[in-house]
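The letter at position 199 of the sequence shown is residue 227 when you use our numbering, and the numbering goes up by one with no holes. Cβ atoms here follow ideal geometry from the backbone N, Cα and C, with glycine treated the same way. In what follows, a structure is listed as structure tokens, so that the remarks can point back to it.
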Amino acid sequence: MGCCASTGQAAGEVVDQKYQEHKEEQIAKRVKKLGTLDEEALNLKAKLRSLDGAVDRLGAMHRTMSGVKNDTLHLPSLHIWSQHTPCIGGPTAPKALHNAAAHINELSTLLVELRTLVFKQYAQDLLDCKAPIRAGIDAINSYIEAEEALSQKMAKLEKAGHPPSAAPAPAPAEGEAPAEEAPSSADTAAADKVSKLQADVDAAAKDAATAKENAMRIAGESHTKVSTEQLKSATEKMMEGRLKYVNLVAKLLSEPSTERIFDNYRPTSSLSGISDGLTVASKAFDFKVDLFQKDSTAHSAEVTTFMETIKQADLEAELAKKQVVNFTKNLATIFTSDQLQEAFTQLAETVEDDATKTLLAEVPCVLHPRAAHSCAW
């Protein structure tokens, strides 16, 4: 259910992002027609949109990493091999085989914990940055709409400001004072209309000025809050969490408690996936054919038992090889370290706070063993 919820959330975010992109495309067309907007407001909006895109990209990467579990390595076959009596490989082989299997299992466990606890939280923290960013963008869009309304009202005023002139009055008789011209009903209606339109323009101009003031304040505060507070805090927390797991990995071979961890690893099967069953079946068939062809009179019971042990060791070695091969194939399902580094660099370029910029630019992309294909840490 957790996986489905995560997938649903990711799909919802993609749909929302596409909607926002379409919305911004339409607003950009209207802005181009207006051509009289405050450049400072437009520049601030561009910064917020760049920040939004960079946060989206990095958040999506960490959300993807937090759910990946199929690229971890498990070699239960080595432990099962270590339990054979006698164990092919010599007197030190049982402990060496078991510790290798247990060590790899613990490393994989820590890697999954890192992703599900640290990276998943970082993805959520980045998602939380989007609310103030969107608030800033929406505030500037409200200013754009206010300027658009003002432009429309000004166009109406300009159109109504030159009404058709009335017919000229007859000339007064000689010796008579010119009669005072009474305004026609048409002139009165036109003047009233112009007066109303002028009042509308004045009100719209006031609304636009207020909207601009609010937009600059809200957008500026949003950009500052995200770039100097939220991003810095979230990234520091993520790096602290990651360092914790790096230290746990380093301690696996240096502390006495490691022995207890390794001793607790007791898989009951050599298999780690469906394909392993095919390997077992194939080896089992070869084993039976080989035994069938043996001359039972020419082999003692000890030799037969030893041959069976060798065959079992060969099976476990073949399974381990297959498990390692499958592991390296699955690594290519994530993304490269360069892509992750680019995402951090892109985000660093969208913030103006020096401390946050430096922090993001210097985040180390510690790699999975197969560095060319995957960035797990």
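Within the same chain, show all residues whose beta-carbon is closer than 6 Å to that of residue i, passing over the 5 residues directly before and after it, in chain order.
i	result
Ala219	none
Asp80	Ile161
Phe372	Leu388 and Val391
Leu72	Ala247
Gly269	Val146
Phe290	Asn127 and Ala130
Any idea what DSSP makes of residue i, helix, strand or coil?
i	result
Ile302	Note that Ile302 scores a pLDDT of 47, beneath 50, so its modelled location is shaky; the value from the coordinates is reported in the next line. DSSP places Ile302 in helix when its eight states are reduced to three.
Pro104	helix
Gln226	helix
Glu249	helix
Tyr47	helix
Arg294	coil
Asn98	coil
His90	helix
Glu241	helix
Leu343	helix
Gly54	According to the sequence provided, residue 54 is Gln. The question's Gly does not apply to it. Looking at Gln54 - three-state DSSP - the assignment turns out to be helix.
Thr64	coil
Gly117	coil
Gln111	coil
Ser282	coil
Ala309	Here the model assigns Ala309 a pLDDT of 47, short of 50, so the residue's position is not dependable and the matter cannot be decided.
Going by DSSP, what residue range makes up the alpha helix (DSSP H) through residue i?
i	result
Arg162	Lys158 to Ala188
Ile132	Ala121 to Glu141
Phe147	Note, Phe147: premise wrong, no alpha helix (DSSP H); not H, not E.
Gly269	Leu259 to Lys279
Glu377	Ser365 to Thr378
Leu7	There is simply no residue 7 to check, as the chain begins at 29 and stops at 405 in what is shown.
Can residue i and residue j be called in contact, C-beta distance under 8 Å?
i	j	result
Glu390	Trp109	no
Gly87	Ala151	yes
Val277	Leu368	no
Ile246	Ala167	yes
Val353	Met266	no
Thr378	Ala128	no
Asn133	His112	no
Leu225	Leu259	no
Val222	Ala188	yes
Tyr293	Ala130	yes
Thr256	Thr386	no
Leu419	Ala262	Nothing about residue 419 can be reported from this structure: the residues present for the chain run from 29 to 405 only.
Thr408	Val140	There is no way to answer for residue 408, as the model of the chain reaches only from 29 to 405.
Gln374	Arg77	no
For residue i, I'd like the list of residues in its chain whose CB is within less than 8 Å of its CB, leaving aside the five on either flank, ordered along the chain.
i	result
Leu125	Leu106, His107, Trp109, Ser110, Cys115 and Gly117
Val59	Leu65, Leu70 and Ile172
Leu281	His131
Report the residue from the options whose alpha carbon sits nearest the alpha carbon of residue i.
i	options	result
Ala69	Glu173, Arg288 and Lys51	Glu173
Phe355	Ser136, His50 and Leu76	Ser136
Lys75	His131, Asn133, Ala239 and Met244	Met244
Lys57	Phe334, Ser213 and Glu176	Glu176
Ile55	Lys123, Ala128, Ile165 and His112	Ile165
Lys240	Lys224, Gln351, Ile132 and Ser170	Ser170
Arg143	Gln149, Glu264, Ser94 and Gln180	Ser94
Lys181	Lys279, Glu336, Ala236 and His90	Ala236
Leu62	Val96, Ala183 and Thr337	Ala183
Take residue i and list the residues in its own chain whose beta-carbon comes closer than 7 Å to its own, dropping the five residues that flank it on each side.
i	result
Ala233	Leu178
Val254	Leu79, Cys157, Pro160 and Ile161
Lys357	none
Val380	One point to set straight first is that residue 380 is Glu, not Val, in the sequence displayed. If we look at Glu380 and ignore the five residues flanking it on each side, its Cβ neighbours are Ser255.
Ser250	Leu76, Pro160, Ile161, Ala163 and Gly164
Ala341	Trp109, His112 and Ile116
Thr337	His112, Pro114 and Ile116
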